[in-house]
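306 is the number that full-length UniProt numbering gives to position 306 of the sequence shown; each next residue is one higher, with no gaps. Just below is one structure, and these are the notes that go with it.
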Amino acid sequence: MRALSQLKSLLSPELLRRAQRPRALGQAAFSRLHGLGHIVRSPFGRSTRVKAPTLTLDGECRAGRVYLVGAGSGDVELLTLKAARLLQQAEAVVYDRLVGDDVLALIPAGHERYYVGKARGHHSVPQAEIGALLVKLAREGKSVVRLKGGDPGVFGRMGEELAALAEAGVEAEIVPGITAASAAAAGMGIPLTDRAHAQQLRFVTAQLCRKDGEPDWAELARQDETLIFYMGLTKVEAICAGLRRNGLPDDWPIMLVANASLPEQASLVGTLADMPEKLAASPLPSPCLIVVGSVVRMVATSPAAAQSARAEISPPR
């Protein structure tokens, strides 16, 4: 909560008004983050003192425009500065189920809020109505933030909302956020790619793992890439079976991470053969991300991984 209060102080209306004097805001921000100066050190023995950079948060939130903003993975400190500024400035915020309370706390009192969250099997607001709401608010002359968990362009149905705005002639701007894949890998102390493990990275929506829409398992069953399955908690058994059936070995690593970047983050690390049984014995909550690839073996030795996570998988042989 201390981080949240510092961020709210940094982006308070008073500081935003003072942003017309960029140096004042820059010093206020970097006195919290970096101090008033720093020394650049060289491995060859020379050091140079440089002035601290200034940080200006004086961008305009325009009336009649919709900002499609990524709220990140949940940790308020992983929210971008631009997203935080827009939340302070926008007259109306339309937000999803996975946006955390700490992020919503940045919205000033009195600003309009519209909850349009979706849960599996329980769509509180149809997608067409969300698009219509964004158009309506923009046509009323309001500045609008459409706040989505993670990155709005990664399985966030942003394309449908952009299409609705385009059809209505409403201006839009996209503000990316930290997607769950990045947050989950960081929380487990591993990269998504590594030269010794993966030359490719692929994002897959597990919603395709249905009888009438299965992925191309033969194409996905590769040992030179990292696979990331979004929204796949109920499809773990199908994913493991499909990949094993098409050539990946039984001991191929897989990792499940729930609530990535949050204090309640939970994980399971195992193999394609044993993960369904592990998950049945130790269920995880949604949202949950699935990572498949040899890069998962790095959890066992990473200094950035939690001790509990390291214990779940043996070091690479």
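Ideal placement from N, C-alpha and C gives every residue a C-beta, glycine not left out.
Span of the alpha helix (DSSP H) holding residue i?
i	result
G200	Note that residue 200 is Gln in the sequence shown, not Gly. Where Q200 is concerned, there is no enclosing alpha helix (DSSP H), although the beta strand (DSSP E) it sits in stretches over 200-205.
I130	127-139
A109	Where A109 is concerned, there is no enclosing alpha helix (DSSP H), given that its DSSP letter is neither H nor E.
R63	The sequence given here places Ala at residue 63; Arg does not occur at that position. Segment: none, A63 is in no alpha helix (DSSP H) and carries neither H nor E.
residue 322	Since the first residue shown for the chain is 1 and the last is 317, residue 322 is missing from the structure and cannot be characterised.
S182	180-187
How is residue i classed by DSSP in three states: helix, strand or coil?
i	result
A92	strand
L192	coil
I239	helix
L220	helix
H34	Residue placement at H34 cannot be trusted, given a pLDDT of 43 that sits under 50; what the coordinates show is reported in the next sentence. Coil.
V146	The identity of residue 146 in the sequence shown is Arg, whereas the question assumes Val. Three-state DSSP puts R146 in a strand.
R21	Summary for R21: the model assigns pLDDT 40, below 50, so the residue's position carries little reliability, and this model does not support an answer.
S124	coil
A28	At A28 the pLDDT is 38, less than 50, meaning the model places this residue with poor confidence; the figure from the coordinates comes in the next sentence. In this structure, A28 counts as helix in the three-state DSSP scheme.
L86	helix
R49	strand
L227	strand
G117	coil
V296	helix
V69	strand
E214	coil
S302	coil
D101	helix
L79	coil
Buried or exposed, going by whether 16 or more other CB atoms sit within 10 Å of the CB of residue i?
i	result
Q89	buried
P287	buried
R195	exposed
A300	buried
G293	buried
G187	buried
T234	exposed
Y230	buried
E161	buried
R85	buried
D96	buried
S282	exposed
S73	buried
R113	exposed
D75	buried
G131	buried
R23	Because R23 carries a pLDDT of 35, less than 50, the predicted location of this residue cannot be relied on, and no value is offered for it.
Y115	exposed
G149	buried
S124	exposed
A181	buried
A206	buried
A185	buried
R297	buried
Q20	With a pLDDT of 40 at Q20, under the threshold of 50, the modelled position of that residue is not reliable, and no figure is offered here.
R139	exposed
G232	buried
G70	buried
R49	exposed
A280	exposed
G141	exposed
Check for me: the beta strand (DSSP E) holding residue i runs from which residue to which?
i	result
A172	171-175
Flag residue i as yes if its beta-carbon sits less than 8 Å from any beta-carbon of chain D, otherwise no.
i	result
A166	Structure shown: chain D not included; a single protein chain is present.
query: Between the stretch 253-260 and the stretch 154-161, do at least 3 Cβ pairs fall closer than 8 Å?
result: In this structure the stretch 253-260 does not lie against the stretch 154-161, because fewer than three pairs of beta carbons, one per stretch, are closer than 8 Å.
- prompt: Would you call the stretch 269-280 and the stretch 237-256 touching, i.e. three or more CB-CB distances under 8 Å?
  reply: With a cut-off of 8 Å, the stretch 237-256 and the stretch 269-280 count as touching, because enough Cβ pairs lie within range.
- request: Within the stretch 232-292, note down every full beta strand (DSSP E) run reaching 3 residues or more, in order along the chain.
  value: For the beta strand (DSSP E) assignment, the uninterrupted runs of no fewer than 3 residues enclosed by the stretch 232-292 are, from N- to C-terminal side, 253-258, 266-271, 288-292.
message: Within 8 Å, do at least three Cβ pairs link the stretch 169-179 to the stretch 236-248?
response: With a cut-off of 8 Å, the stretch 169-179 and the stretch 236-248 do not count as touching, because too few Cβ pairs lie within range.
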